[in-house]
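Heads up: the sequence shown at position 445 corresponds to 445 in our numbering, and the numbers run straight through without jumps.
Heads up, the beta-carbon is just placed ideally off N, CA and C, and yes, glycines get one too.
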Amino acid sequence: RSAAAETSACSQVAEALALAFPHVAFEFRSDGRVLWRTSGNGRLRDVAAALYGPDFARGCVDVARETEGMAVEGLAGRPVMARASRTQQTLIVNGHAVRHAGIRAAVEAAYRGLVPARRFPAFILHLRLDPARVDVNVHPRKLEVRLAEERRVTGFVHHAVLAALKGSDLTPDWDEVAAARGGSPGGLPLEAAADAAPSARVRPGTSAPAVPPGLPYPSPAARARAAATPDRVAEAMRLFAAGEDARRMPALRYAGAVMRTYLIAEGPDGVYIVDQHAAHEKIYYEQFLREAGAARSQPLAVPLVLDVPPGRLDLLASRNAVWERFGVVAEPFGPASLVVRAIPAVFRGDPHEALRQLFEELLADDADPTDPRAAALALASCKAAVKARDPLSPEEAQALLDRLASLDEPFTCPHGRPTVWKITTAQLERYFGRRDTGARGGSDQD
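Set out below in structure tokens:
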């Protein structure tokens, strides 16, 4: 192949070695030029910065967990760093870079609901296992391994990554969005750029911040919640009493709205922009997850008859417990149709279209056995939430912000789209030139 392609292939081999042995200094040269180098200081985050750029290293959270017979540590990319391919997923087992579909799936499952469909999280994980429980002789080039306790190991890795994500503020800020889209931090990401991994390299003599000591994940906090009444927007978003624990997101003060879609709010560390539909969608999603009983139903004056694909009626009927959870009352009506007598009280818009989509999701869910309710829950939340350009009073907007800040996972909607974007105070001051103004004869108070 071309010289550039061969150089890239060689670099990938060397990169895997550098990530596997962060305590060893590596230098990669091509045609007399140093393309990248690592310091050998033993810090994995510094190696990641040297290989993938400092923005990548800053965009990761620390993973660390240990139990009897196994341990995992490394870096997991924040959702904003998700890529269009799996090229930045590295798994190292007992010092060797390998592939394992089960572990990869377990890590990606930890990001479910945090990244959009067809986007893949980035991670660099070191997994230490008893060598006697790892079979390395399943691939001619030793690129794959077989595990003696695969289910236990994959579950362990999944919970380690999930705990690291749950213990972190995942709100994307100005610089992270710019870097994830291939731009440069400090500039407004006004135009969406094509997805590209940051290509910057750490210059010799520089490094990213060291990994802080200690476990990066706190214990889950218990939060008091009051059930939301779904028949009116203001009641559905009623502020409830929160527990004494720190919230995942800070309390926000509503300042206004733009384009009748995006809420502008002030937080203790900057300005927050919230998508009202995505935020309300996530509020309903967590509410549906919490509810043990069926949602409120709204009887239809005239029952709806929905056609069902031939041969699929039995499968759909077998999942009636799922649709009853949302307040749908339906029963078979002939060989290829359902009659619907009640719909969820939270549904907005055309009930026929909403139910058709709900049943389609249920029929498609057999391809995802991990949680047969997930797609249906997301759809029900979408249909219940306020829409873009729906007018909200200041009181309703503030209530929505309060509810969002108190959720367990406030940062993305059920489909993985972001609910909130942050511009920090420091970024605003930098953009408007309020830093170092004294050198020009001004002051920050000007």
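Point to revise | Secondary structure, beta strand (DSSP E): runs of 3+ residues fully inside the stretch 103–166 | key: 123–129
**Study point:** Residue environment, K142, which counts as buried when at least 16 other CB atoms sit within 10 Å
**Key:** exposed
Point to revise | Buried/exposed call for D147, threshold 16 Cβ in 10 Å | key: The question names Asp, but residue 147 is Leu in the sequence shown. By the 10 Å Cβ count, L147 comes out buried.
Exercise for review: Between the Cα of V328 and those of E396, F26 and L306, spot the shortest distance and give me the residue it belongs to.
Suggested key: L306
Review point. Under three-state DSSP, which class holds M249?
Key: coil
Check your understanding: In three-state DSSP terms, what is P414?
Key -> coil
Practice item. Flag this pair as touching only if the stretch 101–110 and the stretch 26–44 have three or more C-beta atom pairs under 8 Å; answer yes or no. Key: no
Check your understanding: So, using beta-carbon positions, are L129 and V93 closer together than 8 Å?
Key -> yes
Point to revise | P79 and L125 closer than 8 Å at C-beta | key: no
Exercise for review: Please check the pair Q89 and F56, which I expect to be a contact at CB under 8 Å, by giving their CB distance rounded to whole angstroms.
Suggested key: 13 Å between Cβ atoms; not a contact.
Check your understanding: Does DSSP put V61 in a helix, in a strand, or in coil?
Key -> strand
**Study point:** Range covered by the alpha helix (DSSP H) that runs through F288
**Key:** Q276 to R290
Check your understanding: Taking all protein chains shown into account, do 16 or more other C-beta atoms lie within 10 angstroms of the C-beta of M70, making it buried, or fewer, making it exposed?
Key -> buried
Practice item. Per DSSP, which residues does R33 bridge with? Please list them. Key: S30
Review point. Considering only the beta carbon of each residue, do L165 and A76 sit closer than 8 Å?
Key: yes
Review point. If you draw a straight line from the alpha carbon of P22 to that of R133, how long is it in whole angstroms?
Key: 25 Å
Review point. Who are the Cβ neighbours of L407 in its own chain at under 6 Å, not counting the five residues just before and after it?
Key: E286
Review point. Which first and last residues belong to the beta strand (DSSP E) in which A330 is found?
Key: V329 to P332
Check your understanding: With 16 as the cutoff for other CB atoms within 10 Å, does L188 come out buried or exposed?
Key -> With a pLDDT of 37 at L188, under the threshold of 50, the modelled position of that residue is not reliable, and no figure is offered here.
Check your understanding: Where does Q457 land, buried or exposed, given buried means 16+ other C-beta within 10 angstroms?
Key -> Nothing about residue 457 can be read from this structure; the chain reaches only from 1 to 446.
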